[in-house]
Amino acid sequence: MTDDTCQSPARALLERAIAEGLTLGDCLQAFAAGAGDERRYADFARARLARDGAIEIDDPAVVCQADEPGAYVLAWLWVDAAEIWDGPTDSDGAPCRCLNHYRCDNCEQGWTDQWSCACNDSCPSCGAEIEPFDTTELDLAGRPTKNNMPEQPAPTSDAKSQIAERMADLIVHVRRQQGECTDDDLRAAAFTDEQIASCGPLARGFAAVELGDPSLQP
Ligand SMILES: [Zn+2]
């Protein structure tokens, strides 16, 4: 158990204020040093230690005076998503965090590809330029996050096989990333329990063929 039961009245007020829309920025302003020695420390840090786009210091800034003669000045360090991304990047170096699902209108070929946006891709069979029919966003570890597509309608057998193909693409991707793909991974990509129950076995069968891994066969 945490000490929730004996939290201070101020903390309870804070939680209420957050629920009412208080932001971190409001708090930083409330605690920022507007005058005196703390202001001098902050001004020095902003003028001499900050670096545009890499180390940013608010004005006014929060300052914490130490026992030693000196003070800590609160700063913001920039971390670029590309720095902590191991996956593919586009020509500008941006992480390819969109797992796009395509199906060719010309030749029915289905495929997935990872891009930095939900962009068109060339059909690997006939070369036609095709828009993605769905996009799964990946987090910085390459795992699927929320799927922005609207809920799938109740599956007809055709829709069911489309869902299974989409699910199979995801299973193949996740298995290649992290070895296995659980139902939780499918839920994280916005597949419903109903879809997992009705299309999961078919999808794992498709994925087994794609991966050449008979252990996935239902
Ligand atoms: Zn095609």
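Numbering of the sequence shown is given in the numbering used here, commencing with residue 2 and proceeding in unit increments.
Positions of the beta carbon are idealized from the N, C-alpha and C atoms, including for glycine.
If you're wondering where the values come from, they're calculated on a predicted model, not measured in any experiment.
Item: Can you give me the start and stop residues for the beta strand (DSSP E) that Glu138 sits inside?; Value: 135-139
Item: Check the C-beta distance from Val64 over to Ala51 and give it rounded, since I have them as a contact under 8 Å.; Value: Val64 to Ala51, Cβ: 14 Å. No contact.
Item: In this structure, how does DSSP classify Cys124 when only helix, strand and coil are distinguished?; Value: coil
Item: Among residues of its own chain, excluding the 5 on either side of Tyr42, which ones have a beta-carbon nearer than 6 Å to its beta-carbon?; Value: Val64, Ala72, Val74
Item: Hey, out of Pro61, Glu211, Ala191, whose CA is closest to Asp170's CA?; Value: Glu211
Item: Select from Gly201, Asp91, Ile131 the residue whose C-alpha is nearest the C-alpha of Cys118.; Value: Asp91
Item: Which residues share a DSSP beta bridge with Asn107?; Value: According to DSSP, which records beta bridges pairwise, Asn107 is partnered with nothing at all.
Item: Let me confirm a value: Gly213 is counted as buried when at least 16 other C-beta atoms fall within 10 Å, else exposed. Which label applies?; Value: exposed
Item: So, using beta-carbon positions, are Cys105 and Gln115 closer together than 8 Å?; Value: no
Item: In terms of residue numbering, what span does the alpha helix (DSSP H) encompassing Gln66 cover?; Value: Run containing Gln66: none in the alpha helix (DSSP H); it sits in the beta strand (DSSP E), 64-66.
Item: Nearest-angstrom Cα distance between Ala67 and Glu39?; Value: 11 Å
Item: Under the DSSP definition of a beta bridge, which residues are partnered with Val74?; Value: Val64
Item: Could you tell me whether the Cβ atoms of Ala190 and Pro145 are closer together than 8 Å?; Value: yes
Item: Residues around ligand 1, please: the condition is that the C-beta lies closer than 6 Å to some non-hydrogen atom of it.; Value: Cys105, Asn107, Cys108, Gln110, Cys124, Ser126, Cys127, Ala129
Item: Could you tell me which residues DSSP pairs with Cys200 in its beta bridges?; Value: DSSP lists no partner for Cys200.
Item: Count the other CB atoms within 10 Å of the CB of Ile85; is the residue buried (16 or more) or exposed (fewer)?; Value: exposed
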